[in-house]
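*Asks:* In mature numbering (1 follows the signal peptide of the UniProt record, and there is no 0), the protein residues as written are -27 to -1, 1 to 751.
Just so you know, even glycine gets a beta-carbon here, dropped at the ideal spot from N, CA and C.
Nothing here was measured: the structure is a model prediction, and the numbers come from that model.
1) In the DSSP output, which residue or residues are listed as bridge partners for residue 288?
2) Bridge partners for residue 166 per DSSP, in chain order?
3) Apart from the five residues on each side of it in sequence, which residues of its chain come closer than 6 Å, Cβ to Cβ, to residue 248?
4) Cβ of residue 650 less than 7 Å from any chain C Cβ?
5) Within the continuous alpha helix (DSSP H) that includes residue 557, where are the two ends?
6) Since residue 447 and residue 413 are thought to touch, with beta carbons under 8 Å apart, how far apart are those beta carbons, to the nearest angstrom?
7) If you pair each beta-carbon of the stretch 123 to 140 with each one of the stretch 98 to 107, do three or more pairs fall below 8 Å?
8) Output yes or no for whether 7 Å exceeds the beta carbon distance between residue 436 and residue 409.
9) Does the separation of the CB atoms of residue 452 and residue 494 fall below 7 Å?
10) Residue 191 and residue 109: beta carbons closer than 7 Å?
11) So the candidates are 561, 577, 609, 576; which of them puts its Cα closest to the Cα of residue 587?
12) Please state the DSSP three-state secondary structure of residue 7.
13) Starting from residue 398, follow its DSSP beta bridges and name the residues at the other end.
14) Quick check: the Cα distance between residue 21 and residue 259, rounded to an integer number of angstroms?
15) Using 8 Å as the Cβ pair cut-off and three pairs as the minimum, do the stretch 596 to 614 and the stretch 633 to 645 touch?
16) Taking buried to mean at least 16 other C-beta atoms within 10 Å of its own C-beta, is residue 311 buried or exposed?
17) Give the straight-line distance between the Cα atoms of residue 85 and residue 71, rounded to the nearest whole angstrom.
18) Could you pull the start and end residues of the beta strand (DSSP E) that residue 27 belongs to?
19) If you reduce the DSSP assignment to three classes, tell me which class residue 704 lands in.
20) By the 10 Å Cβ neighbour count, where 16 or more other Cβ atoms means buried, how is residue 726 classified, buried or exposed?
21) Since residue 333 is in the alpha helix (DSSP H), which residue starts that stretch and which ends it?
22) Ignoring anything shorter than 3 residues or poking outside the stretch 116 to 172, list the beta strand (DSSP E) runs there in chain order.
23) Only counting the same chain, and skipping five residues up and downstream in sequence, which positions put a Cβ closer than 6 Å to that of residue 623?
24) DSSP beta-bridge partners for residue 436?
25) From this set, 538, 533, 564, 542, which residue's C-alpha is nearest residue 551's C-alpha?
26) Would you call the stretch 687 to 703 and the stretch 728 to 735 touching, i.e. three or more CB-CB distances under 8 Å?
27) According to DSSP, simplified to helix, strand and coil, what is residue 448?
28) Specify the secondary structure class of residue 733 as computed by DSSP and reduced to three states.
29) What three-state label does DSSP hand residue 633 in the structure shown?
30) Quick check: what's the CA-CA separation for residue 683 versus residue 718?
31) Along the chain, which unbroken stretches of the beta strand (DSSP E) at least 3 residues long are found entirely within the stretch 660 to 722?
32) For the alpha helix (DSSP H) containing residue 507, name the first residue and the last one.
33) Applying the criterion that 16 or more other CB atoms from any shown protein chain within 10 Å of the CB defines a buried residue, is residue 10 buried or exposed?
34) Classify residue 518: buried if its beta carbon has 16 or more other beta carbons within 10 angstroms, exposed otherwise.
35) If I measure Cβ to Cβ from residue 66 and keep anything under 8 Å in the same chain, skipping five residues before and after, which residues do I get?
36) Looking only at DSSP bridge pairs, what is residue 86 linked to?
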């Protein structure tokens, strides 16, 4: 803090400041000598500003600069001050400084301070008196069980780092004088007594030990016998270190503010104190440098936002295991972050903060280098739901879950939901469930609130409810199938919810269907079939009778598992694409669909995880699907097995989440595209991936860090070159992440002498078992 400088025209009789725990008389030259020199003004003699009479308290530290309204460049300052005070010329030479401590009580006295420069001198007469501090009064119950003294005694302890010389009135008609160290007093009988302390008593103190190894607090005092502070007195306290630890019956009944202006240490003041929880917001902490463990393991929970903590360097454990509330922690952070605090302070707080105080906390950490160990934001205990955009269709059963990425939800509420949609809490509290059958098409925005006892989170849900249109197909009844030549069968998977209506294309309809149904036509022929309602997965026992898909319709599909498996002549003529946003499995969708080769490149498969057998033995399929987003795929087992015609560029596929590629291209004897940049690091099963293929590309960049099964990897492959095999062996042998103990087969593929050492590394260093055609000899 810079000294307050007295301006001309506004004289002060006395300017008294509490600075760093001291009485400060601030005074300075109102016109600097530098300014005089700049204007060539002749030097003037000093001229002091007069002071009113001063009253000091014994033990008070004084630091003063006197107000000099005259000339500076002082050559000397002398005074007849009492013992303990020193007068000197200020560092800039403009005035006189007085420092010292009021050590003895005095009546009204005076002292002369004389300042001299080359132009003359001036004398300031200071009139002062030093008063004895008033008594520190407490009450005690000797009969409290815990304590180091007997039940008819109390022990006053002294801080070993401070000097004491006090008188104690024990409240039983007896007293002790000139006490300089710990003292134990015995009463005639146990009871409650008022203890009055006067004289040099710089700090209350109670001794304790912490056993870190045993996690024990060892009380070596009578702190629990202390009942109250009835009077602080006007004394200047020197320390509050270990003032009231474990004082579990303490109440401070003196509501006046104690004089802590000289207190630098509040360390462990209320450690393990299970009683004290009173307003201390007016305490002067401006001189404090140490607040470590001040409220550790206590029940204290008060607002400390008014505290001046600019000089505090140690807050280790300050609120560890304490009961500081979120509200008061917020207040503390918001206020303290605005102060000019010390750098690199560690603050320990067993509490949480709200988002309102997060920026303040970050400022202490980022701007001042603080380390704050707390329980993090209360927001971590809130539910956490995210905004979403949802498209769905009228007349279909809608089910969706707003995933909760936070703490468990107690209640889900919503406003603005589309007609027919309701909201509920998931049983485990980790989602808000939306369900119902939308009745009205249109756009709307709903506000969903997920809440628990700690707080809430809100998400905006943009709904686009689309008018449902039918799924339209054509069928030839007299193709071979399980039903008669004038029939077709629509199959239902009981694990999916069905409630659909069918227009059979012959003038007849069926409604509210939920079971497998076979329809009989009056004559065999080709018919157009339209389906509306809840029809989540298209299945049939008559796949060879299905000729075309004319329209996918505005509708949501839930699965395509084996939907068109074993179809013989299926053609997709639809100009729209199916909504697969809720489909997670395309397992076997076109497996053994022998002649299927329709363009499905525009399908959105981004949510699909299972592609197993999707094109298994789909021998005619060869469409460009290289732009599919497959990053959620985990299973590509048998995906193109025996897909004889397929040879499209799929090198840009993101397969980083795939764990099984077992027989993925087995028997796909046309496929030979560059897939060398695939991230296969999560693939575990690579058995027979390229078995029976003509694949011959560089896959040396593949990282087999998690592979556990690669038997038959390249068995019966007659195309893979020695050059590409060499590249593979050399690159893989240099991969420090490569899996160990792997059995892998390359069929009859041979390596050259250039790759022999690399192959040996795989065998000897990585413990691989490699089956191949051996070394290619010249």
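*Replies:* By the coordinates alone:
1) Locating residue 288 in the chain shown gives position 315, counting from the first residue. Partner(s): 320.
2) By one-based count along the chain shown, residue 166 stands at place 193. DSSP, once it has assigned bridges, lists 113 as partnering residue 166.
3) What you label residue 248 is simply residue 275 of the chain shown in a count that begins at 1. Here the set comprises 221, 222, 223.
4) Although the question refers to chain C, the structure presented lacks it and comprises just one protein chain.
5) Stepping through the chain shown from its first residue, residue 557 is reached at position 584. No alpha helix (DSSP H) contains residue 557, which DSSP labels as neither H nor E.
6) In the chain shown, counting from the first residue as 1, residue 447 sits at position 474. In the chain shown, counting from the first residue as 1, residue 413 sits at position 440. With 8 Å as the limit, residue 447 and residue 413 do not qualify as a contact, their Cβ atoms being about 32 Å apart.
7) Short answer: they don't touch.
8) Sequence index remark: in the chain shown, residue 436 carries index 463 (1-based). Sequence index remark: in the chain shown, residue 409 carries index 436 (1-based). Cβ distance not < 7 Å, so residue 436 and residue 409 don't count as in contact.
9) As a first step, residue 452 is located in the chain shown; it is residue number 479 there, counting from the start. As a first step, residue 494 is located in the chain shown; it is residue number 521 there, counting from the start. Cβ distance not < 7 Å, so residue 452 and residue 494 don't count as in contact.
10) The count along the chain shown starts at 1 and reaches residue 191 at position 218. The count along the chain shown starts at 1 and reaches residue 109 at position 136. Taking 7 Å as the Cβ cut-off, residue 191 and residue 109 do not qualify as a contacting pair.
11) Counting from 1 along the chain shown, the entry for residue 587 is found at position 614. Checked all of 561, 577, 609, 576; the closest Cα to residue 587 is 561.
12) Numbered from 1 along the chain shown, position 34 holds the residue referred to as residue 7. Below a pLDDT of 50, predicted positions are generally treated as unreliable, and residue 7, at 43, falls in that range; no measurement from the model is reported.
13) Looking up residue 398 in the chain shown gives position 425. BP columns for residue 398 point to 405.
14) Mapped onto the chain shown, residue 21 falls at position 48. Mapped onto the chain shown, residue 259 falls at position 286. Distance between residue 21 and residue 259, taken at the CA atoms: about 30 Å.
15) In short, these stretches touch, since the Cβ pair count reaches three.
16) Taking the chain shown and counting its residues from 1, one reaches residue 311 at position 338. It is exposed - the Cβ of residue 311 has fewer than 16 other Cβ atoms within 10 Å.
17) Here residue 85 is taken as the residue at index 112 of the chain shown, counted from 1. Here residue 71 is taken as the residue at index 98 of the chain shown, counted from 1. One C-alpha to the other measures close to 12 Å.
18) Position 54 of the chain shown holds residue 27. Following the DSSP letters along the chain, one finds residue 27 inside the beta strand (DSSP E) bounded by residues 27 to 30.
19) Locating residue 704 in the chain shown gives position 731, counting from the first residue. Residue 704 falls in the helix class under three-state DSSP.
20) Numbered from its first residue, the chain shown carries residue 726 at position 753. It counts as exposed.
21) As a first step, residue 333 is located in the chain shown; it is residue number 360 there, counting from the start. Element bounds for residue 333: 331 to 341.
22) 126 to 129, 138 to 142, 148 to 152, 156 to 159
23) As a position in the chain shown, residue 623 is number 650, starting the count at 1. For residue 623, where only same-chain residues beyond five positions count, the Cβ hits under 6 Å are 599.
24) Counted from its first residue, the chain shown places residue 436 at position 463. Beta-bridge partners of residue 436 (DSSP): 363, 417.
25) The residue given as residue 551 occupies position 578 in the chain shown. Out of 538, 533, 564, 542, 533 has the C-alpha closest to the C-alpha of residue 551.
26) yes
27) Here the question's residue 448 lines up with position 475 in the chain shown. When DSSP states are grouped into helix, strand and coil, residue 448 belongs to the strand group.
28) Mapped onto the chain shown, residue 733 falls at position 760. Note: residue 733 maps to helix in three-state DSSP.
29) By 1-based counting over the chain shown, the position of residue 633 is 660. Looking at residue 633 - three-state DSSP - the assignment turns out to be strand.
30) On the chain shown, position 710 is the one that residue 683 refers to. On the chain shown, position 745 is the one that residue 718 refers to. Going by the C-alpha atoms only, they are around 7 Å apart.
31) For the stretch 660 to 722, the continuous beta strand (DSSP E) assignments of 3+ residues that do not extend past its boundaries occur at 716 to 718, in sequence order.
32) As a first step, residue 507 must be located in the chain shown, where it is residue number 534. First-last for residue 507: 499 to 507, but that is the beta strand (DSSP E), not the alpha helix (DSSP H).
33) Translated into positions along the chain shown, residue 10 becomes position 37. For residue 10, the predicted structure reports a pLDDT of 45, less than 50, and the residue's modelled location is therefore unreliable. A value from the coordinates is still provided. Counting Cβ neighbours within 10 Å, residue 10 comes out exposed, since fewer than 16 surround it.
34) Walking along the chain shown from the start, residue 518 turns up at place 545. The residue in question, residue 518, is buried, as its Cβ has 16 or more Cβ neighbours within 10 Å.
35) Indexing the chain shown from 1 puts residue 66 at position 93. For residue 66, where only same-chain residues beyond five positions count, the Cβ hits under 8 Å are 6, 45, 46, 47.
36) Here the question's residue 86 lines up with position 113 in the chain shown. Partner(s): 52, 97.
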